[in-house]
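Peer 1: Mapping of the sequence shown onto the working numbering: residues 657 to 955, in sequence order.
For every residue, glycine included, the Cβ atom is placed at its ideal position computed from N, Cα and C.
These numbers were taken from a predicted model, which means no experiment stands behind them.
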Amino acid sequence: MLLRRLRADSRGFAFSLDILLALIPLTIILGMAAANMDNIMYLSENTIYQSSLQRVGSDAADTLVETSGLPHNWESTGNPSTVGLAKYDIKKNLSVKNLMSPAKLSAIDINDLETLVGPGYGVYLKVSTANSNNSTVIRAVGTYNASSQNIVRVERLVSASNLDLVASLEGLIRDAGQPRTYTTIFPTNNVYVQSYDYWVLVINRGYNSATVDVNNNWVVDPNEINQHITEIKQKIDIPYMYNETYFQDNIVNVRTVSTPGSTMDVYVIAAPKGTPEQDISLDNIKLRPAKLELYIWTR
């Protein structure tokens, strides 16, 4: 009878021993978790922080490539509430997504970018041609901060050109008879004139004499055009163009003499300030695949 009681009582001891054995690894796990709690909290906070930084960068990049900004012509007013780089189609009254406006690319500055991403962030923007073998930077804004521990890079594929064709007269043909004048226009204001150099590009096929003037100011005179020169480039002097706060149309006149069978193309090209003469070409007007890279970090 006593033996039976001992065996019955021993069940409680065995059960308690099982609990103790089970608690040992649990205690070890809890101890390790407590010891590494700082690391766990750091990893969690870092993940949340990085996700937040990525979201800010993505939202800013989407705004730049998908919208023209507010107002849509902020590059001409010089006072944007929100910047965007997409070209604005006046006829359709909407932004053309992923098509970069050369004027907006030229006008954007670091203050515009910092306002877009918000306080507390550093930002660097680079737009370049997408050709990996011979990539050319179209526009860079800001300074890349290589010393920052957390940098988010966001990339968007876009279309862009180095130059903007603002006016053209193509296939000018002069039959026998009296000299003829051809006319076109291009708009400028003070912001555009300060942001861009304007060039006249002449492709000549046989003319011995012609003039190109802007608002009755000679840009290309007769001595510069003869049948042996096929291409002429001349920068338009700033005083020749309208330089007010609002847009005004500059009048371009091409006056040719009688040269039967000859043809001529005349283009007015807007190029970012400092663009070298050798880069003023029809090839640089063409749209090319490009990439917009936006780097963002906390200060």
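#1: I'd like the span of the beta strand (DSSP E) that includes Gln890, first residue to last.
#2: By the DSSP assignment, the beta strand (DSSP E) with Ala926 in it spans what residues?
#3: Whose C-alpha, out of Met920, Glu722, Val858, Tyr852, is nearest the C-alpha of Leu750?
#4: For Tyr838 and Gly917, I'd like the C-alpha separation in whole angstroms.
#5: Look up Val870 in the DSSP assignment and give the residues it is bridged to.
#6: Identify every residue that forms a DSSP beta bridge with Gly725.
#7: Pop quiz: Arg955 and Gly713 are said to be a contact at Cβ under 8 Å. What is the actual Cβ separation, rounded to whole angstroms?
#8: What separation, rounded to the nearest whole angstrom, lies between the Cα atoms of Tyr608 and Asn787?
#9: Would you call the stretch 918-935 in contact with the stretch 763-778, where contact means no fewer than 3 C-beta pairs closer than 8 Å?
#10: Use the C-beta contact count for Glu731: other C-beta atoms within 10 angstroms, 16 or more gives buried, fewer gives exposed.
#11: I believe Gln883 touches Asn864 by the beta-carbon criterion, under 8 Å. Please report the beta-carbon distance rounded to the nearest angstrom.
#12: Drop a sphere of 10 angstroms on the beta-carbon of Thr771, count the other beta-carbons inside from all chains shown, and report buried for 16 or more, exposed for fewer.
#13: Classify Asp765 as helix, strand or coil using the three-state DSSP reduction.
#14: At the level of alpha carbons, what is the spacing between Leu741 and Ile685?
#15: How far does the alpha helix (DSSP H) with Ser865 in it reach, from first residue to last?
#16: In terms of alpha-carbon separation, which member of Trp953, Ile952, Leu948 lies closest to Val793?
#17: If we ignore side chains and look at the alpha-carbon of each, how far apart do Ser804 and Val783 end up?
#18: Starting from Phe842, follow its DSSP beta bridges and name the residues at the other end.
#19: Which residues in the same chain as Leu709 place their Cβ atom closer than 6 Å to its Cβ, once the five residues preceding and following it in sequence are excluded?
#20: Have a look at Thr733 and Pro758 and give me their C-alpha separation to the nearest angstrom.
#21: Restricting to Cα atoms, I'd like to know which of Ser724, Gln850, Val779, Ile746 is closest to Asn899.
#22: Hey, quick one: how far does the alpha helix (DSSP H) through Thr901 stretch, first residue to last?
#23: So, with DSSP's three-state summary, where would you put Ile952?
Peer 2: For this structure:
#1: Counting from 1 along the sequence shown, the entry for residue 890 is found at position 234. Unbroken beta strand (DSSP E) run through Gln890: 887-891.
#2: Working through the sequence shown from its first residue, we reach residue 926 at position 270. Note, Ala926: beta strand (DSSP E), 918-928.
#3: Locating residue 750 in the sequence shown gives position 94, where the first residue counts as 1. Per the Cα distances, Glu722.
#4: Reading the sequence shown from its first residue, position 182 is the one you call residue 838. Reading the sequence shown from its first residue, position 261 is the one you call residue 917. Each residue's alpha carbon lies about 16 Å from the other.
#5: Here residue 870 refers to the residue found at position 214 when the sequence shown is read from its first residue. DSSP, once it has assigned bridges, lists Asn873, Val908 as partnering Val870.
#6: Counting from 1 along the sequence shown, the entry for residue 725 is found at position 69. Beta-bridge pairing links Gly725 to Val739.
#7: Translated into the one-based positions of the sequence shown, residue 955 becomes position 299. Translated into the one-based positions of the sequence shown, residue 713 becomes position 57. Between Gly713 and Arg955 the Cβ distance is about 15 Å, and since that is not below 8 Å, they are no contact.
#8: Outside the shown range of the chain (657 to 955) lies residue 608, about which nothing can therefore be said.
#9: no
#10: One-based indexing of the sequence shown puts residue 731 at position 75. Buried.
#11: The residue you call residue 883 lines up with position 227 of the sequence shown. The residue you call residue 864 lines up with position 208 of the sequence shown. The Cβ separation is near 5 Å, so the contact holds.
#12: Within the sequence shown, residue 771 is the residue found at index 115, counting from 1. So Thr771 counts as exposed.
#13: Along the sequence shown, read from residue 1 onward, the residue named residue 765 stands at position 109. Three-state DSSP puts Asp765 in coil, outside helix and strand.
#14: Within the sequence shown, the letter at position 85 stands for residue 741. Within the sequence shown, the letter at position 29 stands for residue 685. Spanning the two alpha carbons is a distance of roughly 54 Å.
#15: Position 209 of the sequence shown, counting from 1, holds the residue named residue 865. Taken as a continuous stretch (DSSP letters only), Ser865 belongs to no alpha helix (DSSP H), as it is neither H nor E.
#16: The residue you call residue 793 lines up with position 137 of the sequence shown. If we check each option's Cα against that of Val793, Leu948 comes out closest.
#17: In the sequence shown, the residue the question calls residue 804 occupies position 148. In the sequence shown, the residue the question calls residue 783 occupies position 127. Taking the straight line joining both Cα atoms gives about 21 Å.
#18: Your numbering for residue 842 matches position 186 in the sequence shown. Phe842 pairs with Asn906.
#19: Stepping through the sequence shown from its first residue, residue 709 is reached at position 53. Answer for Leu709: Val808, listed in chain order.
#20: Counting from one through the sequence shown, the residue named residue 733 turns up at place 77. Counting from one through the sequence shown, the residue named residue 758 turns up at place 102. The alpha-carbon atoms of Thr733 and Pro758 are separated by roughly 16 Å.
#21: Here residue 899 refers to the residue found at position 243 when the sequence shown is read from its first residue. Among Ser724, Gln850, Val779, Ile746, the Cα nearest to that of Asn899 is on Gln850.
#22: Locating residue 901 in the sequence shown gives position 245, counting from the first residue. Note, Thr901: premise wrong, no alpha helix (DSSP H); not H, not E.
#23: As a first step, residue 952 is located in the sequence shown; it is residue number 296 there, counting from the start. Strand at Ile952.
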